[in-house]
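S.K.: In the numbering used here, the protein residues as written are -1 to 231.
We treat Cβ as the ideally placed atom computed from N, Cα and C, and that holds for glycine.
Everything numeric in this text was worked out from a predicted model, so none of it was measured.
1) With burial defined as no fewer than 16 other Cβ atoms inside 10 Å of the residue's Cβ, what is the status of residue 202: buried or exposed?
2) Whole angstroms is fine: what's the gap from residue 133's alpha carbon to residue 226's?
3) Over the uninterrupted alpha helix (DSSP H) stretch that includes residue 160, give me the two end residues.
4) So which of 57, 103, 41 and 197 has the shortest CA-CA distance to residue 167?
5) Within 10 Å of its beta-carbon, does residue 88 have 16 or more other beta-carbons around it, so buried, or fewer, so exposed?
6) Three-state secondary structure (DSSP) at residue 137?
7) Measure the Cβ-Cβ separation of residue 140 and residue 194 and say whether it is below 8 Å.
8) Going by C-alpha distance, which of 52, 85, 230 and 92 is nearest residue 66?
9) Answer with buried or exposed for residue 41, where buried requires no fewer than 16 other C-beta atoms within 10 angstroms of its C-beta.
10) Which first and last residues belong to the alpha helix (DSSP H) in which residue 106 is found?
11) Counting only C-beta atoms, is residue 72 closer than 8 Å to chain E at any point?
12) So for residue 64, helix, strand or coil by DSSP?
13) Residue 219 by DSSP, collapsed to three states: which one?
Put into structure tokens, the structure is as follows:
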């Protein structure tokens, strides 16, 4: 009977080497992430005008999203209403993916680890990916997907482009104020793309069914306002 005892230690050593290589790569990524964060993050004493600007982009600009979706649905017709519905679904799907990632791989925020300067009060939950930017870019990307070439207007795609660009100062602000890392923003881009693309793939019978049901529910619920002319049918 022949045995090969030498192969087992060799295989174990290879696995240990691979694991060490993965750890080294993760350590390098974390180091790069922290280094970029400290470059962007506010230094004390921070300039009041810069902090105020960052606060606006980090905390208040996000309200454009619900206000815009409601306005597009109540006051728009056809392409704009479809775009608002698609954007809402994209944001929902992206947020669910983001939430699942946060549960599966909780990543502490910079201020939890005592890194950098924190100028924005925030819960010490997982930082990756950024929920704000995930929602913002999911909606922006949903307005840019090819579906709008068939059921849309050039203005819808332009709106998506403007929103996508406005996400950049929002991302800067949340890093500057100390609640996110740069890689949290990269993660938000990827999750937002997945959310918008996932909804775009449902364009057709599934989307039309959901959209039609939502319109019927809206017309029933808002019938008095529609009759008064305060909302479009």
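M.R.: On the basis of the data shown:
1) Working through the chain shown from its first residue, we reach residue 202 at position 204. So residue 202 ends up on the exposed side.
2) For the purposes of this step, residue 133 is taken as the residue at position 135 of the chain shown. For the purposes of this step, residue 226 is taken as the residue at position 228 of the chain shown. Residue 133 and residue 226 have their C-alpha atoms some 33 Å from each other.
3) For the purposes of this step, residue 160 is identified with residue 162 of the chain shown, where counting begins at 1. 152 to 174 is the extent of the alpha helix (DSSP H) around residue 160.
4) If you number the chain shown from 1, residue 167 lands on position 169. Residue 167 has its Cα closest to that of 57, out of 57, 103, 41 and 197.
5) Along the chain shown, one-based indexing puts residue 88 at 90. Classification for residue 88: buried.
6) Here residue 137 corresponds to residue number 139 of the chain shown, with the count starting at 1. In the structure shown, residue 137 adopts helical secondary structure according to DSSP, grouped into three states.
7) Reading the chain shown from its first residue, position 142 is the one you call residue 140. Reading the chain shown from its first residue, position 196 is the one you call residue 194. Cβ atoms of residue 140 and residue 194: closer than 8 Å.
8) Counted from its first residue, the chain shown places residue 66 at position 68. Of the listed residues, the one whose Cα sits closest to residue 66 is 85.
9) For the purposes of this step, residue 41 is taken as the residue at position 43 of the chain shown. By the neighbour-count rule (16 or more Cβ atoms within 10 Å), residue 41 is not buried but exposed.
10) Within the chain shown, numbered from 1, the residue matching residue 106 stands at position 108. Neither: residue 106 is in no alpha helix (DSSP H) and is coded neither H nor E.
11) Looking at the structure shown, chain E is missing, and only one protein chain is on hand.
12) Here residue 64 corresponds to residue number 66 of the chain shown, with the count starting at 1. Of the three classes helix, strand and coil, the one that applies to residue 64 here is helix, per DSSP.
13) The residue given as residue 219 occupies position 221 in the chain shown. The answer is helix: DSSP assigns residue 219 an H, G or I state.
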